[in-house]
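Colleague: Numbering (the working numbering), first residue to last: 5 to 68.
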């Protein structure tokens with residue numbers, strides 16, 4: 005069962021980043037990235053803001 009739809013994987017792949025790259029840049033584990041991308045885990049506001057800053061977009065663009 006997925007909790008939410010998001011575009012994190014799409015944004016990550018556009019930047020040609022691996023899950024490990026994204027995890028390293030945001031201070032979380034690769035497993036956390038996998039869980040977020042699959043919709044099993046909803047990131048905290050702090051983590052969502054890190055993603056938005058990294059991808060130069062709004063949180064709503066990723067998780068809206």
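Quick reminder that beta carbons are idealized off the backbone N, C-alpha and C, glycines included.
Leaving aside the five residues before and after residue 19 along the sequence, list all residues of the same chain whose C-beta is less than 8 Å from its C-beta, in chain order.
Modeller: The residues are 59.
Colleague: Pick helix, strand or coil for residue 46, following the three-state DSSP scheme.
Modeller: In this structure, residue 46 counts as coil in the three-state DSSP scheme.
Colleague: Using a 10 Å radius around the Cβ and a threshold of 16 neighbouring Cβ atoms, would you call residue 47 buried or exposed?
Modeller: buried
Colleague: Taking the alpha-carbon positions, what's the residue 52 to residue 17 distance?
Modeller: 17 Å
Colleague: For residue 38, tell me which candidate among 68, 49 and 25 has the shortest Cα-Cα distance.
Modeller: 25
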